[in-house]
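Peer 1: Structure provided below as structure tokens; questions to follow.
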Amino acid sequence: MAHGAGHHGLEHDTGDSSSKRIAIFITIIGLFLAVAETMAKGAQTNSIASNVQSSNLWSFYQAKTIRQTTLKTAAEQMEIDVALAKDPAVKERLTKRVADWRADVARYQSEPKSGPHHENMGEGRTELQARAIEAEAKRDIFTNQYHSYEIASAAFQIAIVMASVYLLTHIVYLLWMASGLVGIGLFFSAIGIFAPAMIQTLLGH
Numbered sequence: 004m005a006h007g008a009g010h011h012g013l014e015h016d017t018g019d020s021s022s023k024r025i026a027i028f029i030t031i032i033g034l035f036l037a038v039a040e041t042m043a044k045g046a047q048t049n050s051i052a053s054n055v056q057s058s059n060l061w062s063f064y065q066a067k068t069i070r071q072t073t074l075k076t077a078a079e080q081m082e083i084d085v086a087l088a089k090d091p092a093v094k095e096r097l098t099k100r101v102a103d104w105r106a107d108v109a110r111y112q113s114e115p116k117s118g119p120h121h122e123n124m125g126e127g128r129t130e131l132q133a134r135a136i137e138a139e140a141k142r143d144i145f146t147n148q149y150h151s152y153e154i155a156s157a158a159f160q161i162a163i164v165m166a167s168v169y170l171l172t173h174i175v176y177l178l179w180m181a182s183g184l185v186g187i188g189l190f191f192s193a194i195g196i197f198a199p200a201m202i203q204t205l206l207g208h
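The sequence shown begins at 4 in the working numbering and counts up by one.
So this is what it looks like as structure tokens:
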């Protein structure tokens, strides 16, 4: 009887040890899930911020284009008035105004960083377009990261469910599936960190 009781106790200890390992495994998956969801939230926030920045820059670009076109048209019209002017003083004033407008047209086209601390970040059409395209590129990167982290989070969540069900059923296939899903989650997390555009590149987008 003592031998039987010892054997039963050994099985019980083995079962408890196995359950503890699975519980630790589930806890680790939960940690991965928390990290993936935190990174997904951060990527989503950055994507929205970059999208807003891009929209603002394109709006500024359009406003500059309208002002530039208006001044260019006015300067061209006034050049006709200069050619027709008879009074030298009037001709001089009109010529100076045309020159000022032409200078403004050129400044609207390109106005690089200026000021002692570069507080003007480049507000000509050329610079605004470059900054808007850069903001769009950042938005796309953050969006790709967000999608990768979301896939990783889903994989971790399902893995937790599989591992939890294994504790109740001891169907080993569930544990294998949980382990595979953890691998998938880590894979997509790595994509989000190191190669966010990889999936879109492979799909041809």
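The beta-carbon is built from N, C-alpha and C at its ideal position, and this holds for glycine as well.
Computed from a prediction, not measured in an experiment: that's the story for all the values here.
Would Ala181 pass as a contact of Met165 if the rule is Cβ separation under 7 Å?
Peer 2: Numbered from its first residue, the sequence shown carries residue 181 at position 178. Numbered from its first residue, the sequence shown carries residue 165 at position 162. Yes.
Peer 1: Please list, in chain order, all residues of the same chain as Trp179 whose beta carbon is under 7 Å from its beta carbon, the five residues on each side excluded.
Peer 2: As a first step, residue 179 is located in the sequence shown; it is residue number 176 there, counting from the start. So no residue of the chain qualifies.
Peer 1: In the DSSP assignment, the alpha helix (DSSP H) including Ile154 goes from what residue to what residue?
Peer 2: For the purposes of this step, residue 154 is taken as the residue at position 151 of the sequence shown. Residues Arg128 to Thr172.
Peer 1: Assess contact between the region 102-116 and the region 78-88, defined as three or more Cβ pairs (one per stretch) separated by less than 8 Å. Is contact present?
Peer 2: yes
Peer 1: So, is Glu126 buried or exposed, given that buried needs 16 or more other C-beta atoms within 10 angstroms?
Peer 2: The residue given as residue 126 occupies position 123 in the sequence shown. Glu126 is classed as buried because its beta carbon has at least 16 other beta carbons within 10 Å across all chains shown.
Peer 1: Taking the continuous alpha helix (DSSP H) assigned at Gly186, which residues delimit it?
Peer 2: For the purposes of this step, residue 186 is taken as the residue at position 183 of the sequence shown. Val175 to Phe197 is the extent of the alpha helix (DSSP H) around Gly186.
Peer 1: In this structure, does DSSP put Gly125 in helix, strand or coil?
Peer 2: Here the question's residue 125 lines up with position 122 in the sequence shown. Coil at Gly125, not helix or strand.
Peer 1: Count the other CB atoms within 10 Å of the CB of Pro199; is the residue buried (16 or more) or exposed (fewer)?
Peer 2: Indexing the sequence shown from 1 puts residue 199 at position 196. Buried: at least 16 other Cβ atoms inside 10 Å.
Peer 1: Taking the C-alpha atoms as reference points, what is the distance between Ser57 and Ala109?
Peer 2: Start at 1 with the first residue of the sequence shown, and residue 57 comes out as number 54. Start at 1 with the first residue of the sequence shown, and residue 109 comes out as number 106. A direct Cα-Cα distance of roughly 23 Å separates Ser57 from Ala109.
Peer 1: Pro91 lies in the alpha helix (DSSP H); which residues open and close that run?
Peer 2: Translated into positions along the sequence shown, residue 91 becomes position 88. Counting along the chain, the alpha helix (DSSP H) containing Pro91 begins and ends at Pro91 to Gln112.
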